[in-house]
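Trainee:
Residue numbers (the working numbering): 380 to 1078.
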């Protein structure tokens, strides 16, 4: 209460102090309605915090060694080669039009007896004599040539008409008469247009024997209603030998049609396969040579069109695509096509989880999937019109196929990466000039792919965009090929044993110290990865698993043993202004108490921060030096160095404090001498507190 005490001490206008004191008492007694006012001095804590050396860089980038010396560690992935990087199975949908392999019809047999009585009716006088002796034995004279009327053959229950690519008809005669017959000529014609189908001649058919001839029906058009006729017919008789006359005895004509393969027909069709084909489906445009794969995800797209006027049953199979030992198969019934139109079906089928053999039908190919197509019709009992010009159009493809595993030859290929840029903020809190002393860097290559490779790092540049500086890294691992061995697996099964390679740079074989001391916020780099530089040395045993990559990682390690000039640590904090009657503050001072536990001198700045626009009002301008902590013989701080900075407050400055309530404190470090490196430990920090020595007007 120094100010208060000095305010009432001394003399006033030469009057004794005691007189003034008594006067005040009298005034207080006589004017009790006037309340007294005075000033009070109060010391108030406003904030307390610390600046830790861990704040030099992002916390996740700091580790400590066995001596608790802080290690700056920066990891960055440069590139990952995954399945999609090596190859992609493009969406492939191909259309094929299948013509009907063959159409087959039922075989048919018809018999037509021609009795002796019917023959005699056509044989004139001799025939009448023979009929008259029915039941008797007589010598039958020679019968001259004659013809018989045409007789109808009705196969309309089986077909209406058919045009044959191939077919056969057997024409046979069984002679049950007691006499030989000779010069038997016959014809088979369509009823409607009298078109000749077949004709033939049997010179001799002995009594009690049979004769048969086969005729081709290739290219013929047959109707369901036919007519047959014996054009000529004769007999030498019984050669004067009496024979028993039985007019019911006959010559039996037999017609048998078989092996019928029509080009078109309106008929009752038997159950049969219309298409039965096997072929390879090639994944064209694939830049690797796959022998097998396990499908992670994807679909098989199927679309069918048919002009066949009957239900067609499709069975599509991938014999070499199995899941739990069961081949992939689609069974689908396509409804009959309308006359003159086509029926249609479309769907996507899940193909995930299938193990696919890409060696094709003969097991000696690659990128080939063996397929089978079977399209068939069932017996319906209804006549329908089919034609070999009818077709079955199939659109089939693989959509969105992504493998989880693949084996084959992953090809000799080059992947160029860059120029690429990586932005990093790990150095963003570091300002000024910093020189690291013992930086180490490794380029780590972890190859989880079953293929040899070469790595070529052509450039890596540090860029500090804050001060527009840059520096190319130089070292003996740059601009030369670095070999990478292939990974191994358990004969096509996990686990994968990666091949790990690390290539190192340090201050003795590179300019790495200068590179990191640039405090980059950007890394520009270019690199190449070459797969199978020696070709297909594995004989199609390269492999890749989904999620198992060829990783290229950058690792920087720097113990915080450096010299610094202008290195800065900052922190924004809220002041505790929760006391009552803040508006009654009349004046006072702020005191910044600093305990420097870092063996580096620092200059402090303190500023009020406007929460609205971010502008600042300086309270401490940075000219005050906070002395470094003392170190022992081992170079380690034993106790912090304490300092106090006084800040005089004006009324306007007090108003700003009440308005902003937020301050920013920064410590700027300079090692002395400038080129002497200082070792930084994890427990180094600067503690500080801000107190206010305020003068209040009490009423």
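Think of the CB as a built atom: it goes at the ideal place given N, C-alpha and C, for glycine as much as any other residue.
Quick one: what's got a C-beta closer than 6 Å to residue 1020's C-beta in the same chain, skipping five residues either side?
Mentor: For the purposes of this step, residue 1020 is taken as the residue at position 641 of the chain shown. Closer than 6 Å at the Cβ level, and outside the excluded window around residue 1020, lie 975, 1006, 1008.
Trainee: Assign residue 510 to one of three DSSP states: helix, strand, or coil.
Mentor: As a working note, residue 510 is residue 131 in the chain shown. If DSSP states are grouped into helix, strand and coil, residue 510 belongs with the helices.
Trainee: If you run the structure through DSSP and keep just helix, strand and coil, what is residue 953?
Mentor: Translated into positions along the chain shown, residue 953 becomes position 574. Residue 953 falls in the strand class under three-state DSSP.
Trainee: Could you tell me how far apart the beta carbons of residue 769 and residue 826 are, in whole angstroms, since I believe they sit closer than 8 Å?
Mentor: For the purposes of this step, residue 769 is taken as the residue at position 390 of the chain shown. For the purposes of this step, residue 826 is taken as the residue at position 447 of the chain shown. 56 Å between Cβ atoms; not a contact.
Trainee: Look at the alpha carbon of residue 542 and the alpha carbon of residue 573, and state the distance between them as a whole number of angstroms.
Mentor: Within the chain shown, residue 542 is the residue found at index 163, counting from 1. Within the chain shown, residue 573 is the residue found at index 194, counting from 1. Residue 542 and residue 573: Cα-Cα distance of roughly 16 Å.
Trainee: Looking only at DSSP bridge pairs, what is residue 928 linked to?
Mentor: Position 549 of the chain shown, counted from the start, is the residue given in the question as residue 928. Answer is none; residue 928 lacks a bridge partner.
Trainee: Here's a check: name, in chain order, each residue in its chain whose Cβ is nearer than 7 Å to the Cβ of residue 428, leaving out the five neighbours to either side.
Mentor: Working through the chain shown from its first residue, we reach residue 428 at position 49. The answer, listed in chain order, is 950, 952, 1067.
Trainee: Can you name the residues that DSSP bridges to residue 818?
Mentor: Your numbering for residue 818 matches position 439 in the chain shown. Residue 818 is not bridged to any residue.
Trainee: Mind checking which residues open and close the alpha helix (DSSP H) that includes residue 497?
Mentor: In the chain shown, residue 497 corresponds to position 118, counting from 1. Its alpha helix (DSSP H) spans residues 495-500.
Trainee: Is residue 484 near residue 565, with beta carbons less than 8 Å apart?
Mentor: To locate residue 484, count along the chain shown from 1; it is residue 105. To locate residue 565, count along the chain shown from 1; it is residue 186. No, these two residues do not count as a Cβ contact at 8 Å.
Trainee: Spatial neighbours of residue 1071 within its chain, please: C-beta separation below 7 Å, excluding the five flanking residues on both sides.
Mentor: Against the chain shown, residue 1071 aligns to sequence position 692. Correct list, in chain order: 423, 425, 967, 969.
Trainee: Hey, residue 790 and residue 918 are a contact pair by Cβ (cut 8 Å); roughly how many whole angstroms apart?
Mentor: Counted from its first residue, the chain shown places residue 790 at position 411. Counted from its first residue, the chain shown places residue 918 at position 539. Actually they do not touch by this definition, with Cβ atoms about 14 Å apart.
Trainee: Starting from the N-terminal side, write out each stretch of the alpha helix (DSSP H) that is 4 residues or longer and does not extend beyond the stretch 840-925.
Mentor: Complete alpha helix (DSSP H) runs here, min 4: 891-896.
Trainee: Give every residue of the same chain whose Cβ lies closer than 8 Å to the Cβ of residue 757, excluding the five residues on either side of it in the sequence, and list them in chain order.
Mentor: Residue mapping note: residue 757 aligns to position 378 of the chain shown, counting from 1. Around residue 757: 650, 690, 692.
Trainee: Only counting the same chain, and skipping five residues up and downstream in sequence, which positions put a Cβ closer than 7 Å to that of residue 996?
Mentor: Within the chain shown, the letter at position 617 stands for residue 996. The answer, listed in chain order, is 986, 987, 1035.
Trainee: Sort 619, 536, 474 by Cα distance to residue 605 and report the nearest one.
Mentor: Along the chain shown, read from residue 1 onward, the residue named residue 605 stands at position 226. The shortest Cα separation from residue 605 among 619, 536, 474 belongs to 536.
Trainee: Which same chain residues end up closer than 8 Å to residue 857 when comparing Cβ atoms and leaving out the 5 residues on each side of it in sequence?
Mentor: Locating residue 857 in the chain shown gives position 478, counting from the first residue. Cβ within range, chain order: 836, 837, 838, 839.
Trainee: Could you round the C-beta distance between residue 733 and residue 700 to whole angstroms and report it? I think they count as a contact, below 8 Å.
Mentor: Indexing the chain shown from 1 puts residue 733 at position 354. Indexing the chain shown from 1 puts residue 700 at position 321. Right, the Cβ-Cβ distance comes to about 5 Å (below 8 Å), so this counts as a contact.
Trainee: Cα separation between residue 404 and residue 1046?
Mentor: Residue numbering aside, residue 404 sits at position 25 when the chain shown is read from its first letter. Residue numbering aside, residue 1046 sits at position 667 when the chain shown is read from its first letter. Because residue 404 sits at a pLDDT of 37, beneath the cut-off of 50, its placement in the model cannot be relied upon, and the following sentence gives the value as read from the coordinates. One C-alpha to the other measures close to 55 Å.
Trainee: Beta-carbon separation of residue 785 and residue 922 under 8 Å?
Mentor: Counting from 1 along the chain shown, the entry for residue 785 is found at position 406. Counting from 1 along the chain shown, the entry for residue 922 is found at position 543. Cβ atoms of residue 785 and residue 922: closer than 8 Å.
Trainee: Mind checking who residue 774 pairs with in its DSSP beta bridge?
Mentor: Position 395 of the chain shown holds residue 774. Paired residue(s): 474, 682.
Trainee: Measuring straight from C-alpha to C-alpha, what distance separates residue 506 and residue 524?
Mentor: Here residue 506 refers to the residue found at position 127 when the chain shown is read from its first residue. Here residue 524 refers to the residue found at position 145 when the chain shown is read from its first residue. Taking the straight line joining both Cα atoms gives about 12 Å.
Trainee: Please state the DSSP three-state secondary structure of residue 959.
Mentor: Within the chain shown, the letter at position 580 stands for residue 959. Residue placement at residue 959 is flagged as unreliable, the pLDDT there being 47, under the threshold of 50; the coordinate-derived value follows with that caveat. Coil.
Trainee: By DSSP, does residue 555 sit in helix, in strand, or in coil?
Mentor: The residue you call residue 555 lines up with position 176 of the chain shown. Coil at residue 555, not helix or strand.
Trainee: Give the DSSP-derived three-state secondary structure of residue 803 in the structure shown.
Mentor: Within the chain shown, the letter at position 424 stands for residue 803. Correct three-state label for residue 803: coil.
Trainee: In terms of DSSP beta bridges, what is residue 754 paired with?
Mentor: Numbered from its first residue, the chain shown carries residue 754 at position 375. Answer is 654, 693.
Trainee: Should residue 454 be labelled buried (16 or more other beta-carbon atoms within 10 Å of its own) or exposed?
Mentor: Here residue 454 corresponds to residue number 75 of the chain shown, with the count starting at 1. Per the 10 Å Cβ criterion, exposed.
Trainee: Report buried or exposed for residue 670, applying the criterion of at least 16 other Cβ atoms within 10 angstroms of its Cβ.
Mentor: Residue numbering aside, residue 670 sits at position 291 when the chain shown is read from its first letter. Buried: at least 16 other Cβ atoms inside 10 Å.
Trainee: Could you say if the stretch 676-685 and the stretch 702-715 meet the contact criterion of at least three C-beta pairs nearer than 8 Å?
Mentor: Yes: the two stretches touch, three or more of their Cβ pairs being nearer than 8 Å.
Trainee: Looking at residue 588: is its Cβ nearer than 8 Å to the Cβ of residue 554?
Mentor: For the purposes of this step, residue 588 is taken as residue 209 along the chain shown, with counting starting at 1. For the purposes of this step, residue 554 is taken as residue 175 along the chain shown, with counting starting at 1. Result yes, Cβ atoms of residue 588 and residue 554 sit closer than 8 Å.
Trainee: Identify, in the order they occur along the chain, each residue of the same chain with its Cβ nearer than 8 Å to the Cβ of residue 567, setting aside the five sequence neighbours on each side.
Mentor: Within the chain shown, numbered from 1, the residue matching residue 567 stands at position 188. Around residue 567: 532, 548, 550, 575, 576, 577, 578, 605, 606, 607, 634.
Trainee: Please list the segments of the beta strand (DSSP E) lying wholly inside the stretch 514-554, counting only runs of 3 or more residues, in order along the chain.
Mentor: List check, beta strand (DSSP E) in window: 516-518, 522-525, 530-533, 538-554.
Trainee: Go ahead and label residue 729 buried or exposed: buried means 16 or more other beta carbons lie within 10 angstroms of its beta carbon, across all protein chains shown.
Mentor: Numbered from its first residue, the chain shown carries residue 729 at position 350. Answer is exposed; the Cβ neighbour count stays below 16.
Trainee: Would the beta-carbon of residue 747 fall within 8 Å of that of residue 660?
Mentor: Locating residue 747 in the chain shown gives position 368, counting from the first residue. Locating residue 660 in the chain shown gives position 281, counting from the first residue. Closer than 8 Å, so yes.
Trainee: How is the alpha helix (DSSP H) around residue 463 delimited, first residue to last?
Mentor: The residue you call residue 463 lines up with position 84 of the chain shown. First-last of the alpha helix (DSSP H) with residue 463: 462-465.
Trainee: Check for me: the alpha helix (DSSP H) holding residue 1039 runs from which residue to which?
Mentor: Position 660 of the chain shown, counting from 1, holds the residue named residue 1039. Residues 1030-1039.
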